[in-house]
Amino acid sequence: MHVPQGMAYASLAGVPPVYGMYSSFFASTVYMFFGTAMHISIGVFAVASLMVGACKIRMLPSDDDISNSTSILGEGVGVMEFTSALTLVVGVVQIIFGVLRLGFLTTYLSDPLVSGFTTGSAAHVMVSQLNKVLGVKLPRHEGMGMLPRMVRDLIMSVGSANI
C-alpha cells in the first residue's frame with residue numbers, strides 16, 4: 001500500500017516518485033523502533049505533500065519557464081535541496097513546539113474548523129490527482145480559486161483524456 005501511495009504523494013509535492021517511496025520506507029522503519037502500536041500505518045500524508053508542492057511553486061522557478069527568472073533563494077537551489085531544507089525547518093519547529101508543550105493550542109480548534117479543513121484537503125487532493133488518472137497535462141494553479149480553475153481545465157481537456 002505504501003508504494004503507490006508514496007509515489008502519488010511525491011507527485012503532489014512535485015518531486016520524483018522515488019522520494020515518496022524513500023519517505024514511506026524510512027518513516028515505517030523509524031516507527032518500527034520507536035513506535036508503540038503494532039497495527040498502524042505511518043508515512044507521508046496528502047496535506048503535507050500538497051503544502052510542500054505549493055511552497056515549491058511559490059519559491060522556485062518552473063523548469064518549463066524559458067524566461068530569465070530567478071528564485072528568491074538564489075542560484076543553484078534545486079527541488080531536492082529546497083524540499084530537504086523545508087522538511088528540516090518544519091521538523092525543528094515541531095520539536096520546539098513539543099519542548100515548549102504547545103500541543104494544548106489544538107484544543108482551541110473547533111470541530112467544524114477541523115472538519116472543513118479535512119474536507120477541503122480531500123477535495124484538493126482528489127482534483128489534483130484527476131489529471132494523472134485521465135492522462136492529461138494541465139498547468140498548476142495557485143491562489144484564490146485554484147480548485148475551480150483546475151476543474152475547468154479538467155473539463156476542457158476531457159476530449160484528449162485517456163479513458
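First residue of the sequence shown: 1, per UniProt numbering; consecutive thereafter.
Yeah, the Cβ is synthetic: ideal placement off N, Cα and C, and Gly gets one too.
Mind checking which residues open and close the alpha helix (DSSP H) that includes residue i?
i, result
"Met-32", "17–34"
"Lys-132", "111–134"
"Phe-97", "79–99"
Strictly under 8 Å for the Cβ-Cβ distance: is residue i near chain D by that measure?
i, result
"Ser-160", "Absent from the structure: chain D. Only one protein chain is present."
With DSSP collapsed to three states, give me the class of residue i.
i, result
"Pro-148", "helix"
"Val-3", "helix"
"Ile-40", "coil"
"Phe-45", "coil"
"Ser-157", "coil"
"Leu-138", "coil"
"Ile-57", "helix"
"Gly-103", "helix"
"Leu-12", "helix"
"Ile-66", "Confidence is the limiting factor: at Ile-66 the pLDDT is only 49, short of 50, which leaves the residue's position unreliable and the question unanswerable from this model."
Return the residue from the list the options that minimises the CA-CA distance to residue i.
i, options, result
"Gly-78", "Val-136, Gln-94, Leu-88, Lys-56", "Lys-56"
"Val-158", "Val-114, Lys-137, Ile-95", "Lys-137"
"Asn-131", "Leu-113, Phe-25, Leu-154", "Leu-154"
"Leu-147", "Gly-120, Ile-163, Leu-134, Asn-162", "Gly-120"
"Pro-17", "Met-80, Met-7, Phe-26, Val-133", "Met-7"
"His-141", "Val-3, His-39, Leu-12, Gln-5", "Leu-12"
"Ser-41", "Arg-101, Val-92, Ala-27, Gly-14", "Ala-27"
"Thr-118", "Leu-100, Leu-134, Leu-50", "Leu-50"
"Ala-54", "Val-93, His-39, Thr-36, Tyr-9", "Tyr-9"
"Met-156", "Met-144, Gly-145, Leu-134, Gly-143", "Leu-134"
Can at least three beta-carbon pairs, one atom from the segment 38–52 and one from the segment 121–128, be found at a separation below 8 Å?
Because the criterion of three Cβ pairs below 8 Å is met, the segment 38–52 and the segment 121–128 touch.
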